[in-house]
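**Student:** Quick note on the numbering used here: the sequence shown kicks off at 26 and runs consecutively.
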Amino acid sequence: MSFRIHLSDIQHIKNASFSLELGKNKLICLVGKNGIGKTTLIKSIRNIIYTDTFIKTSSEYIFTENSKIEYQIKDINYNFNYEPNLRFLNCKDLIDENVKNIVDVELAAPHGNRFNFFQNISRLDRIIRKAIVLKDYLSPSNLIHFLNSVYSTNKFDNLVQIKIKNSFYYCLVLSNYRYIREDYFSSGEYFLINLYKKIENNCKCIFIDEIDISLDAAAQVKLISFLRNYCEEKQINIIFTTHSLALMKTLQDDELFYLSNIEENLVVENKSFNYIKSILFGFKGWDKYILTEDKILKNFLIYLIGLHCKNTFYEYQIIYIGGAKNVVDLMERNSNEEFFSDSRNVITVLDGDQRNYGYVQNKNNIHFLPFESVEKALLEKYNQNKKSLPTFPEYIDPNFTNGKKLVTQFKNLKLMSENDIFAFLYSEYKQELEGLCNQLKVFLISRDNI
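(1) Give the list of continuous beta strand (DSSP E) stretches no shorter than 3 residues that lie fully inside the segment 134-220.
(2) For V530, I'd like the list of residues in its chain whose CB is within less than 7 Å of its CB, leaving aside the five on either flank, ordered along the chain.
(3) Hey, N343 and L329 are a contact pair by Cβ (cut 8 Å); roughly how many whole angstroms apart?
(4) Nearest chain D C-beta to F365 closer than 7 Å, yes or no?
(5) Cβ of N115 within 7 Å of Cβ of E108?
(6) Tell me, to the nearest whole angstrom, how far the beta carbon of I261 is from that of N219; I am working on the premise that it is less than 8 Å.
(7) Rounding to the nearest angstrom, what Cα-Cα distance links L66 and F79 in this structure?
(8) For V432, does the three-state DSSP call read helix, strand or coil?
(9) Report yes or no: do the segment 252-271 and the segment 37-52 share at least 3 C-beta pairs separated by less than 8 Å?
(10) Assuming contact is defined by CB atoms lying nearer than 7 Å, are I152 and I189 in contact in what I supplied?
(11) Using a Cβ-Cβ cutoff of less than 6 Å, which residues in the same chain neighbour G310 once the five nearest sequence positions on both sides are dropped?
(12) Once DSSP output is grouped into helix, strand and coil, what is the label at F449?
(13) Which same chain residues, not among the five before or five after C334, have their C-beta less than 7 Å away from its C-beta?
(14) Grouping DSSP H, G and I as helix and E and B as strand, with all else coil, what is I236?
(15) In whole angstroms, what separates the C-alpha of L149 from that of K223?
(16) In whole angstroms, give me the CA-to-CA distance for R206 and N173.
(17) Have a look at N179, E46, N201, V185 and flag the residue whose alpha-carbon is nearest the alpha-carbon of Y194.
(18) Could you tell me the distance, in whole angstroms, from the CA atom of L440 to the CA atom of P415?
(19) Keeping to the same chain, check which residues put their C-beta closer than 6 Å to that of P423; ignore five residues upstream and five downstream.
(20) Hey, out of V385, L332, S366, N370, whose CA is closest to S452's CA?
(21) Check whether the segment 156-170 touches the segment 121-135, taking contact to mean three or more Cβ pairs, one atom from each stretch, closer than 8 Å.
(22) Can you give the Cα-Cα distance for L461 and P395, rounded to whole angstroms?
(23) Alpha carbon to alpha carbon, how far is E288 from I391? Give it in angstroms, no decimals.
(24) How many angstroms separate the CA atom of N474 from the CA atom of Y283?
(25) Note the first and the last residue of the continuous alpha helix (DSSP H) segment covering D100.
(26) In whole angstroms, give me the CA-to-CA distance for I446 and N427.
(27) What does a CB cutoff of less than 7 Å around Q478 pick up in its chain, not counting 5 residues either side in sequence?
(28) In this structure, does DSSP put D34 in helix, strand or coil?
(29) Closer than 6 Å: is that where the CB of N424 sits relative to any heavy atom of the ligand ZN?
(30) Please state whether DSSP places R29 in a helix, a strand or coil.
(31) Would V128 and I187 qualify as a contact pair, given that the criterion is a beta-carbon distance under 7 Å?
(32) For N254, report the span of its beta strand (DSSP E) as first-last.
(33) Check whether the Cβ atoms of V130 and I98 lie closer than 7 Å to each other.
(34) Pull up the distance between the alpha-carbon of N381 and that of N359, whole angstroms please.
(35) Starting from F393, trace the beta strand (DSSP E) both ways and give me its first and last residue.
(36) How long is the line joining the alpha carbons of E90 and V198, rounded to whole angstroms?
As structure tokens, this is what we get:
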């Protein structure tokens with residue numbers, strides 16, 4: 026079962042499409058620059074439930090005579106076209122109530138329910154007060170756990186649930202029959218309660234515009250793990266927009282999507298956190314780190330990645346540390362302190378001559394060259410068959426016992442560039458290097474692209 030929407034000629038968006046397989050039960054975050062069209066997309070989705078969405082939230086001037094929204098839900102198609110007499114979009118078909126019940130939408134300020142919650146509950150205060158006095162209420166343990174966990178508090182231990190007709194309302198019970206209704210909670214607390222209600226109603230697809238707007242950074246981070254679990258447990262999909270870097274950082278690779286405007290077409294693409302961070306916030310971080318011994322090994326890895334990993338999904342950095350033991354030590358310290366990233370995002374690549382040392386034994390994420398080192402491998406091939414490599418001038422002693430000196434002479438005399446050396450070694454050790462190249466592929470490229 027799928028949900029698909031296509032927008033044409035609405036505000037600055039010439040075309041935009043969004044689709045979701047409802048059976049995947051996913052948590053999805055949509056991010057993009059201000060004004061890119063995130064809110065317009067969310068409003069368009071809400072329009073299938075409340076056909077007056079644009080009338081209440083937008084100017085009539087965002088439409089042209091070519092404006093339209095096309096929906097496909099459960100193989101049912103609905104088309105909203107521009108009506109000149111109404112100056113808004115209209116659908117001539119009656120929207121099935123079962124279709125409306127599939128989708129729920131929370132808009133951003135000032136139109137979202139979390140910002141307009143006073144008028145509905147106040148008229149029920151007498152009934153609520155009576156229920157409090159008679160203790161005619163329940164303790165919603167799951168909701169209490171949810172709120173206390175997100176806010177790292179026990180403030181909600183005395184939260185109670187009161188049923189009035191077919192709806193539930195929540196209050197914090199105090200001493201002497203005093204209480205605080207949910208409409209007097211903070212907008213963030215009220216938002217979480219209503220989000221919980223939506224989840225419990227088993228709405229298949231929940232959209233939230235600017236989920237971070239009423240929540241502090243710590244609450245945002247904790248909320249995400251709960252939402253991810255709810256998607257799996259309740260078999261629902263939760264899609265939201267955000268500008269919060271702290272929140273984005275908690276998302277998994279397949280949960281983060283970037284919206285860009287290419288020739289007035291809104292494009293939605295799965296992108297890594299650091300790709301998005303570098304674009305939205307103007308500074309560079311990395312998804313993956315490769316730690317290694319020295320500069321020549323770093324450059325050789327860059328060469329191999331250039332050959333085998335042309336379309337890397339992840340942003341990465343190769344850092345040479347100096348000394349294999351120091352490299353391993355740094356990787357282990359990162360496992361405890363995570364100053365680079367989570368340990369699964371950091372690997373070490375060492376020269377092959379380090380393979381048998383004790384400090385690399387029984388360690389995860391350590392890989393090796395199939396030969397002792399770049400310099401030693403070149404020296405070995407040089408001594409085996411000097412004719413396969415450039416000839417030195419007569420004034421240079423052609424007998425070398427040190428691979429580093431051999432590399433230096435080739436480069437200084439401009440007989441071989443560093444890349445020429447790498448190309449030579451790759452041609453000589455292509456089969457042996459296959460394992461390392463595959464490991465780099467798995468580490469740097471989204472598995473779907475391998």
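All C-beta atoms in this analysis are idealised placements derived from N, C-alpha and C, irrespective of residue type, glycine included.
**Tutor:** Straight from the coordinates:
(1) With a minimum length of 3 residues, the continuous beta strand (DSSP E) runs that stay inside the segment 134-220 are 184-189, 192-198, 204-206.
(2) Since the first and last residues shown for the chain are 26 and 475, residue 530 lies out of range.
(3) The question names Asn, but residue 343 in the sequence shown is Ile. The beta-carbon distance between I343 and L329, rounded to whole angstroms, is 11 Å. This is too long to meet the 8 Å contact definition.
(4) Judged by its chain identifiers, the structure shown contains no chain D, having just a single protein chain.
(5) Yes, the Cβ-Cβ distance between N115 and E108 is below 7 Å.
(6) With a Cβ gap of about 15 Å, I261 and N219 do not count as contacting.
(7) A direct Cα-to-Cα measurement between L66 and F79 gives close to 11 Å.
(8) Here V432 carries a helix assignment [DSSP, helix/strand/coil].
(9) At 8 Å Cβ cutoff, the stretches touch.
(10) For I152 and I189, yes; Cβs fall inside 7 Å.
(11) Correct list, in chain order: N299, K302.
(12) The answer is helix: DSSP assigns F449 an H, G or I state.
(13) For C334, the CB contacts under 7 Å within the same chain, skipping 5 residues up- and downstream, are L465, K466, L469, I470 in chain order.
(14) In the structure shown, the three-state DSSP call for I236 is coil.
(15) Pairing L149 with K223, the inter-Cα distance amounts to about 21 Å.
(16) Take the alpha-carbon of R206 and the one of N173: they are about 17 Å apart.
(17) Nearest option by C-alpha distance: V185.
(18) Each residue's alpha carbon lies about 6 Å from the other.
(19) Within the same chain, Cβ atoms closer than 6 Å to the Cβ of P423 are found at F417, the five residues on either side in sequence being excluded.
(20) Considering only alpha carbons, the answer is L332.
(21) By the Cβ test, the segment 156-170 is not in contact with the segment 121-135, since fewer than three Cβ pairs between them sit closer than 8 Å.
(22) Rounded to whole angstroms, L461 to P395 spans 8 Å at the Cα level.
(23) Roughly 45 Å separates the two Cα atoms.
(24) Note that N474 has pLDDT 44, beneath the 50 cutoff, so the model's placement of it is unreliable and the number below is only indicative. C-alpha separation (whole angstroms): 18 Å.
(25) Segment: none, D100 is in no alpha helix (DSSP H) and carries neither H nor E.
(26) Taking the Cα positions, I446 is about 16 Å away from N427.
(27) For the chain, the structure presents residues 26 to 475; residue 478 sits outside this window and is missing.
(28) In the three-state reduction of the DSSP assignment, D34 falls in the strand class, which pools E and B.
(29) The ligand ZN is not among the ligands present in this structure, which contains no ligands whatsoever.
(30) Looking at R29 - three-state DSSP - the assignment turns out to be strand.
(31) Cβ atoms of V128 and I187: not closer than 7 Å.
(32) Not the beta strand (DSSP E): N254 falls in the alpha helix (DSSP H), residues 242-259.
(33) It is not a contact, given that the beta carbons lie outside the stated cut-off.
(34) Taking the Cα positions, N381 is about 23 Å away from N359.
(35) For F393, the uninterrupted beta strand (DSSP E) segment begins and ends at 391-393.
(36) Put simply, the backbone Cα of E90 is about 55 Å away from that of V198.
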